[in-house]
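Peer 1: 1 is the number of the first residue of the sequence shown in the UniProt record's numbering; add one for each residue after it. Let me give you the structure first, and then I'll get to my questions.
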Amino acid sequence: MSFFLKAGMTQYTMRSWAANRAWNNVNLVRLAEKIKSPLVFAHVRATTAGTLSLDNCHPWSYGKLMFMHNGGIAEFPKIKRALQTAVPDDLFNMVTGNTDSQWAFALLLSKLPDPQARSFTPAVLQKAMLETIAHINRLLDEHDVTEPSLMNFCVTDGETVVATRYITSRTEEAASLWFSSGSTFSEYAAGGHYKMSKTDKRENIIMVASEPLTFEKADWMEIRTNHMVVITPKMNLLQIPIVDRFYVPQSDPAALSRGTDFAAAKGFLSARRDVARPLESIENHL
1 MSFFLKAGMT QYTMRSWAAN RAWNNVNLVR LAEKIKSPLV FAHVRATTAG
51 TLSLDNCHPW SYGKLMFMHN GGIAEFPKIK RALQTAVPDD LFNMVTGNTD
101 SQWAFALLLS KLPDPQARSF TPAVLQKAML ETIAHINRLL DEHDVTEPSL
151 MNFCVTDGET VVATRYITSR TEEAASLWFS SGSTFSEYAA GGHYKMSKTD
201 KRENIIMVAS EPLTFEKADW MEIRTNHMVV ITPKMNLLQI PIVDRFYVPQ
251 SDPAALSRGT DFAAAKGFLS ARRDVARPLE SIENHL
């Protein structure tokens, strides 16, 4: 998954799906050439739960909110019914697909004071995201699910973005997640070679992606496992730890020795290990 932010964000205006291979989709190429927006969500993935259909394609929207997920909730059929009971009727009926991801979105909406609100503060979205992850973890425990779940969630109201890099494990890496920020993002050589440039201290552009989108190593920073990224309407990017029983502080040597086999075997871990290591976390909350 990836998204692109540019200063002066407004509500997104377009959403498009394709249920076939993105690299062979001529319509997608044509749409991408024309879409212009201060905030864009893009999601290309293989199906991991549910059937292949447009209803199961990310991202989904509800009111002012848009959501997408990279990863998978382990043994989701075991907890699906219990999760559904936590979703009120009006949100239950908005689910048109049958994936773990869309039900996670419905659960997140249920954690908001008013999912139909015209705006949301960063703190409100952050709190709802944390409560969603905690709720899913409780259900996994209650149903004796021991396989790690990969919960790279991302939600926006068009002004604030909250994204997570999270796994229910103290010893394995989560699905990869990177960010790049700067003043301009431009093509410096023919053939689609782009790079991020910084002309001043302000961040006019922020990109978050499952894998680095360019070959410029200096452009990308890896987001730490079991951390949340919050991008505020003023284009401030905060990296905040998700402190629960799966969190390993950076002071613990185990934080640097998480295994990569699980996420890699699932196809969710970028091989770009040569890119810069993560920035230090911002421990305070919004």
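Cβ coordinates follow ideal geometry from the N, Cα and C atoms, glycine included.
1) Nearest to A174 by alpha carbon, out of C57, L256, P38, A104?
2) Below 6 angstroms CB to CB, which residues in the same chain sit around S16 once its five sequence neighbours on both sides are set aside?
3) Could you give the residue range of the alpha helix (DSSP H) that holds P233?
4) Taking 8 angstroms as the limit between beta carbons, can you name the residues of its chain near G8, skipping five residues before and five after?
5) Below 8 angstroms between beta carbons: does that hold for P59 and E159?
6) Short of 7 angstroms in beta carbon distance, which residues of its chain neighbour Y62, apart from the five on each side in sequence? Order them along the chain.
7) Thinking D157 and S119 are a contact (beta carbons under 8 angstroms), I'd like their distance in whole angstroms, please.
8) Closer than 6 angstroms by C-beta to M196: which residues in its own chain qualify, once you throw out the five before and the five after it? Chain order, please.
9) Should the stretch 70-79 be called in touch with the stretch 132-144, which here means at least 3 C-beta pairs below 8 angstroms?
10) If I measure Cβ to Cβ from N284 and keep anything under 7 angstroms in the same chain, skipping five residues before and after, which residues do I get?
11) Quick test of your reading: W178 and E211, contact by CB under 8 angstroms. State the CB separation rounded to the nearest angstrom.
12) Any idea if S176 is buried or exposed, counting beta-carbon neighbours within 10 angstroms, 16 or more meaning buried?
13) Of all the options P122, K80, L125, A123, which has the alpha carbon lying nearest to the alpha carbon of W103?
14) What are the boundary residues of the beta strand (DSSP E) that includes N155?
15) From the DSSP output, which residues share a beta bridge with S181?
16) Taking the alpha-carbon positions, what's the K34 to K217 distance?
17) To the nearest whole angstrom, what separates the beta carbons of L107 and L83, a pair I think is in contact under 8 angstroms?
18) So, with DSSP's three-state summary, where would you put W220?
19) Figure out for me which residue from A42, D89, I133 has the closest Cα to the Cα of V243.
20) If you draw a straight line from the alpha carbon of K266 to that of V124, how long is it in whole angstroms?
21) Roughly how many angstroms lie between the CA atoms of F246 and A254, to the nearest whole one?
22) If you run the structure through DSSP and keep just helix, strand and coil, what is S257?
23) Only counting the same chain, and skipping five residues up and downstream in sequence, which positions put a Cβ closer than 6 angstroms to that of P122?
24) I'd like the span of the beta strand (DSSP E) that includes R165, first residue to last.
25) Nearest CA to the CA of T171: which residue from V26, M129, H69, D252?
26) Which whole runs of the alpha helix (DSSP H) in the stretch 25-99 are 4 residues long or more, in chain order?
27) With a 10 Å radius around its C-beta and 16 neighbouring C-beta atoms as the bar for buried, classify F268 as buried or exposed.
Peer 2: So, from the data block:
1) Ranking the options by Cα distance to A174, first place goes to L256.
2) Unreliable placement is indicated for S16, whose pLDDT of 47 sits below 50; the coordinate value is still reported in the next sentence. So the list reads L31, once near-sequence residues are dropped.
3) Premise fails: P233 is in no alpha helix (DSSP H) and is neither H nor E.
4) Note that G8 scores 47 on pLDDT, short of 50, meaning its location in the model is unreliable; the coordinates nonetheless yield the value given after this. These residues qualify, in order along the chain: P38.
5) Cβ distance not < 8 angstroms, so P59 and E159 don't count as in contact.
6) Same-chain partners within the cutoff: M94, L109, P115.
7) Rounded, the Cβ-Cβ distance is 6 angstroms, consistent with contact.
8) These residues qualify, in order along the chain: S180, G182, F185, D219.
9) A contact exists between the stretch 70-79 and the stretch 132-144.
10) Unreliable positioning characterises N284 in this predicted model, as indicated by a pLDDT of 37, which lies under 50. The coordinate reading is nonetheless provided below. Its chain contains no residue whose beta carbon lies nearer than 7 angstroms to that of N284 once the 5 sequence neighbours on both sides are disregarded.
11) By a beta-carbon distance limit of 8 angstroms, W178 contacts E211. Their separation comes to about 7 angstroms.
12) Taking all protein chains in view, the Cβ of S176 is crowded by 16 or more other Cβ atoms within 10 Å, so the residue is classified as buried.
13) When each option's Cα is compared against that of W103, the closest is K80.
14) Rather than Asn, the amino acid found at residue 155 in this sequence is Val. For V155, the enclosing beta strand (DSSP E) covers residues 150-156.
15) Looking at the DSSP assignment, S181 forms a beta bridge with I206.
16) Straight-line Cα distance between these residues: approximately 28 angstroms.
17) So it is a contact: roughly 6 angstroms between Cβ atoms.
18) In this structure, W220 counts as coil in the three-state DSSP scheme.
19) For V243, the closest alpha carbon among the candidates A42, D89, I133 is that of I133.
20) Approximately 32 angstroms, taken between the alpha carbons.
21) Their Cα atoms are separated by approximately 12 angstroms.
22) When secondary structure is reduced to three states using DSSP, S257 falls in the coil class, being assigned neither helix nor strand.
23) Close CB contacts of P122 within its chain, under the 6 angstroms cut and outside five residues either way in sequence, are with T160, V230, T232, L286 (chain order).
24) Per DSSP, R165 is one residue of the beta strand (DSSP E) stretching across 161-165.
25) Shortest Cα-Cα distance from T171 to any of V26, M129, H69, D252 involves D252.
26) Counting whole runs of 4 or more residues, the stretch 25-99 contains the alpha helix (DSSP H) stretches 26-34, 76-85, 89-92.
27) That one is buried.
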